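The sequence shown begins at 23 in my numbering and counts up by one.
Heads up, the beta-carbon is just placed ideally off N, CA and C, and yes, glycines get one too.
Because the structure is a prediction, the values reported are computed rather than measured.
One structure is given below, encoded as structure tokens.
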Amino acid sequence: MVNDRHKNDFWHQIPGLKFRGKRSYQVTVALVFGLIGFGVNFLDIEFVKTGDFKISILLGVFFPLLIALAWGWRYGLLCALAGGCQTMWWLWYGDGWGILYSVPVFTLWIVWHGWWADRRSGSSPWYMTAFAVEIPFRIMSELGFMMLFPWLVSLNPPPWDPLLVQDHVSPAWLYTVGIKHTVTAYLFLMVAYVIFSLGPVRRFFGLSSRRAQADTMVIYITAMLFGLVLWILDILTDYFFSPIEGQTFWGLAVHGASPKELFFRSFYVTAALLVGVVMDRVNRSRVKLQERLDHQNRALAAIRNVNQLIVGEKNPNRLLNEACRLLVETRSFYNAWIALTVDGRPKRPFYHAGFNGGFTPMAEFLLAGDIPACAKAVHASGNIQVKENPSEYCKGCPLSALYAGRAGLCVGLNHADRNFGWLSLSCPIEFGQISEEHDLIKEVAGDIAFALWAIENENHRKTVESQYAAVLAASVDAVMAFDLNGRITVFNPSAERMFGCTAEDALGSSITRFCPEDRLAEQQRKVRYVHRTGELTGYESERLTADGRRIWVELSMSLSRNDLGRPQGINAILRDISERKKMEKQVQQAQKMEAIGSLAGGIAHDFNNILFPIIGFSQMLMEDFYKESSEYKNVREILTAARRASELVNQILSFSRQSEDKSIPVRFQTIIREVLKLCRSTIPSNIKIHQEINSQCGYIMADPTKLHQVAMNLMTNAYHAIAPAHGEISLKLCEKKFGQEDIPAFSLKPGRYVMLTVSDTGKGIGPDIKNRIFDPYFTTKEKGKGTGLGLSVVHGIIHAYAGEIKVYSEVGQGTTFNVYLPLMETSVEIPTEKKMKINPMGNEHILLVDDEQPIVQMEKTILERLGYHITSHTGSIEALEVFKAKADTFDLVITDMTMPNMTGDQLAKELLAVKPDIPIIILTGFSERISKATIETMGVKGLLMKPVVISDMALEIRRVLDESQSVA
């Protein structure tokens, strides 16, 4: 009720009054008030008096109640004892033996309210007020009164009813007394509340001032005057409008007033006081809200000042000292101090303000390695800690005495998962538990922690910059940085070398100047990604140099932040990977060739097996028809188509490097002239062919057939690029020498090369497909007009001979192919072959083996026409058994290579084991397991590649048989 924590122990001095001899003063006042109460009770103020009973009011009880509410139960008890426990002899006279109940109850009532007054504070809840704690006491005391008091009174009847016994105690009297007790108790409490709201009374009792103390005085004085005015008005009304003969004004006011008039006039005063109480509470609530608002405004001003300090101050010591001073200077907090920690232990110096030299005990406490309980709790929980009136609850804290009557708050200085220490403050106790207050304190603590973190980072950044500036300058990778507007802010020497411009020229310019136009959208996406995620690594893209060249780079980017943690730009490291990309392209091309080579090898065997019967039977049919007949011409067309198909298979095998290479010294100009003759007869006359051939070009070690394929495919490609429009094809052949300085642009070794240039004035090749023209089966021709293998075969042949092919083209400007092939260092003569007789015949016995029945039938027919005796089988195991049984009857064995159960080479080994001198010829569509070199080591005499024409087969059979017979 009193809302003050400055209560005093009777035996121990507790801070309260601001003068010496305080305890003696309190004891004296308590005794005097007890004696005053003793005297007041002798007035015997009667509340009700009838013929049966009377009810009096013990007004003297009010004085011990005042002492108990002001100074606690011990002084209240002393005051009650000084008043003779409120005039026990008088109670004996009035209640007889009832004093055995009344005196203890009155005394306990004083102690009860004094005990609660000792425990109340300015922030105590409503249920601890004197009005609330009166309820349980009043209920218990009145229940006891109803049960015990009638019996105790009857033991010693009062003088106003000597014949009173227990059974004759009037219930009306009991009820009236109970009501009187309750009304009197609350009336006393209300009057005490009003009295303790007055400034002079609070100063008399040594209590602290309440909010709006001056307003409270005015409110209660006005209320009392208003009540007295109502009293006087009531008297004047009776005096003038209902006069009684012989009655004076003062007689009507005091002596001559009836009980009813006294009741109503007392009600006026009481009602006026009640209105005053309500107005006082409302006013104090308003003042409390205003004080809270003022306090928060001061706290906000302090935080604003601290934030302004953080922006400009980079010295941590000045920052923390000024922060404490600003928090106290605005009068938002009584005092403030900050302790920083290292590994959880406080470190010097300590920063504080508002202590007026009283911080020394805490500094010594911290230097001894001790940590206040509130700081430990902050570290353990991570939340703000609040201690109301630390002088009572933090006895071991060196600052507890300075925090008397205040609220102590402690919060950690935390940022980026790191604790720098703690901030401790004290403020008015009524603001200690306000959540908004906690939020403000946590905000300023977070700002201070962030400032400490930013200062550390800035110092670390400067250290790193000074230590690694030389490393940045010497880095082989280009290092760049640009701001949020895309303006370059860092450009190291490697970046100067990479892009071919100086840092002075690059700094301040847009980062897009080094990005190709077709890569701008991609770059913007990557920059947005870095802003969203913070970094990007291993990203490959193209960039532009100052002279317009496109280079491949590998980028790593990271988001740069300022001291406040906000994005300020992007850092980038670039590495030139143009050479690596070139090598990767070559590897990819080689892998493509290897893949198509595997495909070529797989289909060659089956496709040649299909073509073999077609070619064989076509040749036999042509022998059966007259050359002038239509049948002959039809069969000739079939043979021509089959041979074209066979050439296609050879191109596939040539592209995959799996066909047999017959390299000899050859002059490229000879082959070029043959190609020009063929092309001139097939290319329309509206397309001119311009030639410039150096006849003195040296020799090339190559297969003439493959060189023919190269020239023919390039000419055909040029023709298709122009047709059906008019145009010109230029063909040039010359020698060219490459030195060491020319090699970076080529993958060639230094030396002499023959260069074939084929140019056309066609529509050109777009940049989107330029990198694909050497891919197998890639063609831009209409369906049915190209296989897509021409340039792939050319590429494979050129690289097989350690050469290189380059293409230059622009859409609408035509295309140029340059082919480079290494020249031989010495000149040689090309041997000429003797012409052999076509289709020689014989009569030897041949064992023919092939798993394909049509091929066996076709071969048997051809060989029988040539005069040979044939035994044929479609199974290798079966043929081996036949041979074992009649080995001496066979002069030659012709076997297919790829067969089930037993392949041709395996069959040859078994046959040679039976008859070592038996000549064997192996036929194959394609097999990686067989070649001329391998058959010689096996003892096989001949090798034919399907599809085989009759003349080639006849010549090979005759050669093998003749050699075998000559050896024998």
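Practice item. Please specify which runs of the beta strand (DSSP E), each continuous and at least 3 residues long, are wholly inside the segment 405 to 446, giving them in chain order. Key: Look at the segment 405 to 446 and you find these whole runs of beta strand (DSSP E), each 3 residues long or longer: 407 to 410, 428 to 437.
Practice item. Under 8 Å Cβ to Cβ from Ile852, same chain only, skipping five residues before and after it: list those, please. Key: Residue confidence is low: Ile852 scores 49 on pLDDT, short of 50, so the model does not pin down where it sits. Its coordinate-derived value is still stated next. These residues qualify, in order along the chain: Ile686, Pro687, Val688.
Point to revise | Rounded separation between Leu388 and Ile161 - CA only | key: Those two C-alpha atoms are separated by around 53 Å.
Check your understanding: Buried or exposed: which applies to Leu258, given that a residue is buried once 16 or more other Cβ atoms fall within 10 Å of its Cβ?
Key -> Per the 10 Å Cβ criterion, exposed.
Exercise for review: Sort out for me which residues DSSP pairs Arg774 with in a bridge.
Suggested key: DSSP lists Lys759 as the beta-bridge partner residues of Arg774.
Check your understanding: Is Gly366 near Val350, with beta carbons less than 7 Å apart?
Key -> No.
Check your understanding: Can you tell me whether DSSP reads Pro158 as helix, strand or coil?
Key -> Helix at Pro158.
Practice item. Would you be able to state if there are at least three C-beta pairs under 8 Å between the segment 505 to 516 and the segment 584 to 599? Key: Because the criterion of three Cβ pairs below 8 Å is met, the segment 584 to 599 and the segment 505 to 516 touch.
**Study point:** Extent of the continuous alpha helix (DSSP H) to which Val549 belongs
**Key:** Start and end: 542 to 555.
Point to revise | Nearest neighbour of Ile19, chosen from Ile510, Val552, Val125 [CA to CA] | key: Nothing about residue 19 can be read from this structure; the chain reaches only from 23 to 990.
Practice item. Let me know the secondary structure DSSP gives Phe796 once reduced to three states. Key: Under the three-state reduction of DSSP output, Phe796 falls in the coil class, being neither helix nor strand.
Exercise for review: Kindly list the residues whose CB is nearer than 6 Å to the CB of Val936, restricted to its own chain and excluding five residues on each side of it in sequence; keep chain order.
Suggested key: These residues qualify, in order along the chain: Lys906, Ala909.
Review point. So what does Leu315 bridge to, in DSSP terms?
Key: Answer by DSSP bridge pairing: none, since Leu315 is not bridged.
Check your understanding: For Asp984, which of helix, strand or coil comes out of DSSP?
Key -> Annotated three-state conformation of Asp984 is helix, per DSSP.
Point to revise | Unbroken alpha helix (DSSP H) run spanning Met999, endpoints | key: In this structure the chain extends from 23 to 990, so residue 999 is not present and cannot be described.
**Study point:** Residue burial classification, His553 (beta-carbon count within 10 angstroms, cutoff 16)
**Key:** Looking at its Cβ environment, which holds fewer than 16 other Cβ atoms inside 10 Å, His553 is exposed.
Check your understanding: Which runs of the alpha helix (DSSP H), 4 residues or longer, sit entirely within the segment 826 to 891?
Key -> 875 to 887, all fully within the segment 826 to 891.
Exercise for review: Ignoring anything shorter than 3 residues or poking outside the segment 928 to 967, list the beta strand (DSSP E) runs there in chain order.
Suggested key: Annotation: the segment 928 to 967 contains the following complete segments of the beta strand (DSSP E) (minimum length 3 residues), in chain order: 942 to 946, 964 to 967.
Review point. Where does Ser288 sit, in a helix, a strand or coil, going by DSSP?
Key: Assigned with DSSP and collapsed to three states, Ser288 falls in helix.
Practice item. Can you tell me which of the three DSSP states Thr129 falls into? Key: Helix, per DSSP.
Check your understanding: Whose CA, out of Phe248, Glu645, Gly818, lies closest to the CA of Ser728?
Key -> Just to set this straight, residue 728 is Lys in the shown sequence, not Ser. Closest by alpha carbon: Gly818.
Review point. DSSP on Leu250, reduced to helix/strand/coil?
Key: Here Leu250 sits in helix by DSSP.
Review point. Alpha carbon to alpha carbon, how far is Met975 from Ile884?
Key: Roughly 9 Å separates the two Cα atoms.
Point to revise | Boundaries of the beta strand (DSSP E) in which Ser1004 is found, first to last residue | key: Residue 1004 is absent from the model: the chain starts at 23 and stops at 990.
Point to revise | Counted within 10 angstroms of its Cβ, other Cβ atoms place Gly836 as buried (16 or more) or exposed | key: Looking at its Cβ environment, which holds 16 or more other Cβ atoms inside 10 Å, Gly836 is buried.
Practice item. Might you give, ordered along the chain, the residues of its own chain that have their beta carbon closer than 6 Å to the beta carbon of Glu576, omitting 5 neighbours on each side? Key: Excluding sequence neighbours, Glu576 sits near Glu562, Arg597, Ile599.
Exercise for review: Out of Ile360, Lys484, Gly379, point me to the one whose CA is closest to Leu341's CA.
Suggested key: Proximity to Leu341 across Ile360, Lys484, Gly379 peaks at Ile360, based on C-alpha coordinates.
Practice item. Could you tell me the distance, in whole angstroms, from the CA atom of Pro772 to the CA atom of Glu757? Key: The C-alpha of Glu757 is placed about 13 Å away from the C-alpha of Pro772.
Exercise for review: Would you mind working out which of Gln407, Gly443, Ala438 sits nearest Lys369, comparing C-alpha positions?
Suggested key: Selection Gln407, Gly443, Ala438 evaluated against Lys369 yields Gly443 as nearest (Cα-Cα).
Point to revise | Completely contained beta strand (DSSP E) runs for the segment 319 to 371, where each covers 3 or more residues | key: Taking only runs of at least 3 residues, the beta strand (DSSP E) segments lying wholly in the segment 319 to 371 are 357 to 364.
Review point. To the nearest angstrom, how far is it from the Cα of Asn793 to the Cα of Thr779?
Key: Taking the straight line from one Cα to the other gives about 19 Å.
**Study point:** Own chain partners of Asn865 with C-beta closer than 6 Å, once the 5 adjacent residues on each side are dropped
**Key:** Contacts found: Gly889.
Exercise for review: Rank Pro158, Asn861, Ile892, Lys759 by C-alpha distance to the C-alpha of Leu845 and give the top, closest one.
Suggested key: Scanning Pro158, Asn861, Ile892, Lys759 for the CA closest to the CA of Leu845 turns up Lys759.
Practice item. Would you kindly work out how many angstroms separate the C-alpha atoms of Met858 and Gly749, rounded to a whole number? Key: In this prediction, Met858 has a pLDDT of 40, which is less than 50 and means its spatial position is unreliable; nothing more can be read from the coordinates.
Review point. In or out: Glu156 buried (at least 16 other Cβ within 10 Å) or exposed?
Key: Result: buried.
Point to revise | Endpoints, beta strand (DSSP E) assigned at Gln713 | key: Counting along the chain, the beta strand (DSSP E) containing Gln713 begins and ends at 709 to 715.
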